[in-house]
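Quick note: the sequence shown uses this note's numbering, first residue 81, plus one each step.
C-beta atoms are modelled at their ideal positions from N, C-alpha and C, and glycine is treated no differently.
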Amino acid sequence: MSPEPEPGPVPAPEPSPGLDLETARRTLKGQPFSRLVGAELTAFGSGEAVLEIAVREELRQQNGFLHGGVLAYAADNAITFAGGSVLGPAVLTGGFTIQYLRPGTGTRLVARAQTVHGGRRQAVCRCDLYAVAADGTRTLCAVAQGTVLRVSAAGEPPSA
């Protein structure tokens, strides 16, 4: 059996018309929990999204590291915004997994998500989460992958 060829570069998904960074930021600000953690959307479009959070004491766990729930929140929202940039504004998280690689330390958390496959009803996205030190050094602290679902006008995800 001959080996399978290496996959080529993933083409950039088509952007969803009418969605831009400012619209996405308004959507984020409409989420009370996102306001609570202080999340900011710093990039959005063409299958990608970057979510940033300034680290503060309330977001740390008992050992001083960024709480895993904050990393999971950032991955979930970055993935959903990345998928929404190709599926449209009415989306929900279908599910995601996260692997914590090392403790989150530093002054900022950056979640960078990209769509690796966008269909008519769902998008598969991956996300790298970086802890950023005061000097700007980035350390990969977690990786995540998730599925984003387009919802109907009634707010229901598509049936399986």
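A direct Cα-Cα distance of roughly 16 Å separates G216 from R192. Every alpha helix (DSSP H) stretch that sits fully inside the segment 89 to 163 and reaches 4 residues is listed by chain position as 101 to 109 and 112 to 117. Judged by pairs of C-beta atoms under 8 Å, the segment 134 to 149 does not touch the segment 162 to 171, as fewer than three such pairs exist. Partner residues in the beta bridge of A224, as assigned by DSSP, are I178 and C207. Selection L209, R106 and R188 evaluated against Q194 yields L209 as nearest (Cα-Cα). The beta carbon of G164 sits closer than 6 Å to those of V171, all from its chain and outside the five residues before and after it, given in chain order.
Apart from sequence neighbours up to five positions away, the residues of its chain that approach K109 with a beta-carbon distance below 7 Å are R115, ordered along the chain. Beyond the five residues adjoining it in sequence on each side, Q202 comes within less than 6 Å, by CB distance, of T227 and L229 in the same chain, given in chain order. Between F161 and L121, the CB-CB gap stays under 8 Å. In this structure, the straight-line span from the alpha carbon of V212 to that of R200 is close to 35 Å.
Counting every other CB atom within 10 Å of its CB across the protein chains shown gives N143 a total below 16, marking it as exposed.
V190 sits in a strand when the DSSP states are folded into three classes. Each residue's CA atom was taken as its position, placing V196 and C221 some 21 Å apart. An exposed status is given to F113, since fewer than 16 other beta-carbon atoms sit within 10 Å of its beta-carbon.
Distances from the CA of T187 to each of A123, T219 and G125 were compared; the closest alpha carbon is that of T219.
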